[in-house]
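First the structure, in the form of structure tokens, and then the observations on it.
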Amino acid sequence: MADRFFPNEIPPETSLTPQQDSLSNLLSLPFTTLSDKLKTSAFHLKQTIVNETWGPSGKRVEDYSLYTGALGTAYLLFKVYQVTKSENDLKLCSDIVKACDSASKDSGRVTFICGRAGVCSLGAVAAKYAGDERLLEHYITQLKEIKLPSDLPSELLYGRVGFLWACSFLNKHIGKDTISTARMRAVVDEIIKAGRRLANKGRCPLMYEWHGKKYWGAAHGLAGIMHVLIDMELKPDEVEDVRNTLRYMIKNRFSSGNYPSSEGNESDRLVHWCHGAPGVTLTLVKAAQVFGDKEFVQAAVDAGEVVWQRGMLKRVGICHGISGNTYVFLALYRLTGNSEYLYRAKAFACFLFDRAQKLISEGKMHGGDRPYSLFEGIGGMAYLFLDMVEPSTARFPAYEL
Ligand SMILES: [Zn+2]
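Here our numbering is used: the first residue of the sequence shown is 452, the next is one more, and so on.
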């Protein structure tokens with residue numbers, strides 16, 4: 452187990468001694484000095500990522516997805532634009548989305564993270580900020596034309612909630628009812644029906660399958676599905692099913708506090724956003740905020756401890772790396788206001804800033820199969836560094852609204 456993560460030897464804030472090592476020095480800096488360093492690093496990373504994934508004059512896009520492909524670069528540029536307000540960043544974001552639009556025309560994938568809904572909704576939002584009404588209409592129309600196959604799974608990366616998330620993203624940025632409640636409600640109905648059918652009066656009220664496994668994590672399972680459902684307008688009995696599904700997960704977590712990657716899986720190994728405690732924590736934080744149950748606050752805090760102990764992964768990305776796990780502390784900071792969580796977020800971010808590139812070049816840390824991508828590579832790290840500038844508004848990319 453120990454080979455998956457670095458032992459967390461970062462001292463608590465109260466016993467931090469500057470000059471001990473480079474990491475302690477970084478953590479001792481005034482917040483604005485540190486965030487300026489992270490911001491500068493993010494801008495350098497962005498330039499490298501653009502050069503590698505797009506090139507100086509633009510390439511034909513092969514992988515258009517936000518997860519591993521060009522749309523991830525566009526999403527990072529949109530984040531950069533929100534910090535810099537530079538028209539150049541927004542223009543480049545729009546150009547890349549345009550290439551993704553062409554590349555995804557015949558794609559059967561429908562979600563935000565891996566499919567065409569991501570292209571259409573990010574395209575629409577970028578067009579809105581650029582003041583291009585015609586392009587805005589084009590992308591909204593394209594999104595509305597996406598058809599969900601009847602055998603579509605419910606999970607986040609390829610399934611129904613991944614489409615719903617794109618609708619919520621659009622409604623947040625463009626305006627309520629850009630995608631109507633009726634359209635979204637029809638998708639929610641399918642998700643609830645599928646969940647109750649598979650649960651079949653079992654101990655958990657909602658259950659889902661992806662490729663024959665009943666996953667629990669954010670990417671393919673219950674945590675991701677509940678996370679998106681909580682944001683929908685649910686009927687009272689549906690709210691109860693969502694709350695009881697989360698209670699079932701809490702009751703059946705590992706004794707370590709971590710969460711199984713799928714129903715009945717007894718291997719307590721993965722502490723990722725995609726599988727394990729980090730993704731579950733983000734859902735529990737949202738449940739605590741929306742439903743107000745104290746038990747969800749406590750469960751989120753418990754899961755956050757697992758991430759602190761075992762979450763300093765030997766990987767860089769947001770899906771299954773340190774960058775993604777840092778968002779757990781940012782979410783807990785937002786929920787509790789406890790500055791200890793902000794310190795923990797700073798600690799993980801500073802560890803990356805101080806060592807990631809060196810550890811990757813030495814082969815001691817995995818830089819991702821797609822090393823410049825948003826979800827597996829340094830794209831996620833750059834995104835995180837920008838979010839550290841305003842920690843209270845930080846959101847896990849393409850997942851927290
Ligand atoms: Zn992953």
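Positions of the beta carbon are idealized from the N, C-alpha and C atoms, including for glycine. Note that the structure is a prediction, hence the values are computed from the model and not measured.
For H726, the CB falls within less than 8 Å of some heavy atom of ligand 1. L522 and G569 have their C-alpha atoms spaced approximately 8 Å apart.
For C551, the shortest C-beta to heavy atom distance toward ligand 1 is 8 Å or greater. When beta bridges are read from the DSSP output, H817 appears opposite R766.
When L573, P604 and G772 are compared, the shortest CA-CA separation from S619 is found for L573. Two segments are said to touch when three or more pairs of C-beta atoms, one from each, lie closer than 8 Å; by this definition the region 758–775 touches the region 817–832.
By the criterion of a C-beta distance shorter than 7 Å, M635 is surrounded in its chain by L615, C618 and M683, once the five residues flanking it on both sides are discounted.
In the three-state DSSP reduction, W505 falls in the coil class, being neither helix nor strand.
Within the same chain, L467, K797, A798 and C801 come within 7 Å of L478 by CB-CB distance, once the 5 residues on both sides are set aside.
Short note on H771: C-beta closer than 8 Å to some heavy atom of ligand 1. Annotation for I701: A750 place their beta carbon closer than 6 Å to its own, counting only its chain and skipping 5 residues before and after. At a cut-off of 8 Å, the beta-carbon of A670 counts as near ligand 1: some heavy atom of the ligand is closer than that.
In this structure, H589 has its CB at a distance of at least 8 Å from all heavy atoms of ligand 1.
W616 is not bridged by DSSP to any residue.
With fewer than 16 other Cβ atoms from the protein chains shown falling within 10 Å of its own Cβ, R654 counts as exposed. When rounded, the separation of the alpha-carbon atoms in E714 and L657 is 12 Å. Assignment of Y666 by DSSP, reduced to helix, strand and coil, places it in the strand class. Taking C-alpha positions only, S712 is separated from R585 by approximately 44 Å. C-alpha of K579 to C-alpha of L608: approximately 26 Å in a straight line. The beta-bridge partner set that DSSP reports for F456 consists of L764. Within the DSSP secondary-structure output, S486 pairs in no beta bridge.
Ligand 1 never approaches F799 closely enough for any of its heavy atoms to be under 8 Å from the residue's Cβ. Nearest neighbour of M677 by Cα position, chosen from W505, N539, V731 and L835, turns out to be V731. Non-local beta-carbon contacts of I625 in its own chain, meaning distances under 8 Å to residues more than five positions away in sequence, involve A575, V576, K579, L587 and I591 in chain order. Under DSSP, W724 shares a beta bridge with no residue. Taking 9 Å as the cut-off, the beta carbon of A782 is found no closer than this to the beta carbon of W724.
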